[in-house]
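The block underneath contains the structure these notes are about, expressed in structure tokens.
Numbering (my numbering), first residue to last: 450 to 586.
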């Protein structure tokens, strides 16, 4: 399951209904979580340490598939790969999109179809094409 953050919903609403335009982020970074944050972007537990860093996933037409049949689901069109973990990252249950490589404002979050326990020495964690899904509906 995925959802837009409160911040993204307000940006879209302001863009559509008010006079100011929403400027989309120059970069979009994907963070991994052992506990997903709420729609307000708080309460989550992002992976830390052990060579972990958010990865830049867009904006890019090459990186994301368009929704099919009006379902609102955007999925990764390329494999997303993180660095090799040098410490345990924990049981990763979801991902979120941010407008910055650290800190920043959460734009959307999604639960992984299958949680992944990532430990030190594992190969570089990667997410095959179609495995990361953000639904905007």
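We put the beta carbon where it would ideally sit given N, CA and C, even for glycine.
Setting aside the 5 residues that flank it on each side, residue 524 is surrounded in the same chain by 514, 579 and 582, each with a C-beta closer than 6 Å to its C-beta; the list follows chain order.
Straight across, the Cα-Cα distance linking residue 461 with residue 468 is about 12 Å. Residue 512 and residue 498 have their C-alpha atoms some 26 Å from each other.
Relative to the Cα of residue 554, the nearest Cα in the group 464, 465 and 477 belongs to 477. As computed with DSSP, residue 480 is found in a beta bridge with 545. Approximately 7 Å separates the beta-carbon atoms of residue 496 and residue 541; this is inside 8 Å, confirming the contact. Put simply, the backbone Cα of residue 539 is about 7 Å away from that of residue 483. When the Cα atoms are used, residue 535 and residue 518 turn out to be separated by approximately 41 Å. Leaving aside the five residues that flank residue 490 on each side, the residues in its chain whose CB is nearer than 6 Å to its CB run, in chain order, 454 and 555. Excluding sequence positions up to five before and after residue 545, its CB lies within less than 6 Å of the CB of 480, 555 and 558, all in the same chain and listed in chain order.
Closest in C-alpha terms to residue 508, from the list 457, 564, 548 and 560, comes 548. DSSP places residue 465 in the helix class (H, G or I) of the three-state scheme. By the Cβ neighbour-count rule, residue 533 is exposed, with fewer than 16 other Cβ atoms within 10 Å of its own. Residue 561 has its alpha-carbon roughly 13 Å from the corresponding atom of residue 529.
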